[in-house]
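First up is the structure itself, then whatever we jot down about it.
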Amino acid sequence: MYEKISDRLISSERFIWRLCKHALYVVLLLATSVIVGALGFLAFENYTLEDAMLHSAHILAGLGLIQLPETYAGRVFVALFGLYASLFFLAAFSVIFAPVVHRIVHKLHLDAET
Numbered sequence: 001m002y003e004k005i006s007d008r009l010i011s012s013e014r015f016i017w018r019l020c021k022h023a024l025y026v027v028l029l030l031a032t033s034v035i036v037g038a039l040g041f042l043a044f045e046n047y048t049l050e051d052a053m054l055h056s057a058h059i060l061a062g063l064g065l066i067q068l069p070e071t072y073a074g075r076v077f078v079a080l081f082g083l084y085a086s087l088f089f090l091a092a093f094s095v096i097f098a099p100v101v102h103r104i105v106h107k108l109h110l111d112a113e114t
């Protein structure tokens, strides 16, 4: 996926394209996560689709709950989905910044060779 240590640094245009690709991966994962969260709220709390999507997006954004779940299953789901949301944030951050960190390290390595 990335260039090897012996390869030259890629052009700025290709680097921007790589950043866009990584951002697209995060957006697709976010959309999938919102859908999974909404399905959980639909199944466990009998929310409407709009409310389920709103609650799911709110949790994934790190803003917390809008309304406390009424059922035990809903509370367990919210707890697990909240843990997933924390991991999602870390994964999204890593995926978006991986090309930047790689480019910096690759450039430093090329500078050290010359």
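In UniProt numbering, the protein residues as written are 1 to 114.
Every residue, glycine too, gets a C-beta built ideally from N, C-alpha and C.
Measure the CB-CB distance between A85 and F44 and report whether it falls below 8 Å.
The residue labelled residue 85 in the question sits at position 85 within the sequence shown. The residue labelled residue 44 in the question sits at position 44 within the sequence shown. Not in contact: A85 and F44 (Cβ atoms no closer than 8 Å).
Under 7 Å from any heavy atom of the ligand MN, does the C-beta of L80 make it?
Annotation note on the ligand MN: not contained in the displayed structure, which lists no ligands.
Within 8 Å, do at least three Cβ pairs link the stretch 13-20 to the stretch 30-41?
Touching, no, given that fewer than three Cβ pairs across the two stretches are closer than 8 Å.
Nearest neighbour of V100, chosen from L19, K4, L65 [CA to CA]:
Translated into positions along the sequence shown, residue 100 becomes position 100. Of L19, K4, L65, the residue nearest in Cα terms is L19.
For G64, three-class secondary structure by DSSP:
Start at 1 with the first residue of the sequence shown, and residue 64 comes out as number 64. G64 falls in the coil class under three-state DSSP.
For a test of the three-state rule: what should DSSP assign to Y47, helix, strand or coil?
In the sequence shown, counting from the first residue as 1, residue 47 sits at position 47. In the structure shown, Y47 falls within a coil segment according to DSSP collapsed to helix, strand and coil.
Whose C-alpha, out of H109, F88, M53, I5, is nearest the C-alpha of Y25?
For the purposes of this step, residue 25 is taken as the residue at position 25 of the sequence shown. The shortest C-alpha separation from Y25 is found at F88.
Give me, in chain order, the residues of the same chain whose beta-carbon lies closer than 7 Å to that of G40; leave out the 5 immediate sequence neighbours on both sides.
Here residue 40 refers to the residue found at position 40 of the sequence shown. Cβ within range, chain order: F77, F81.
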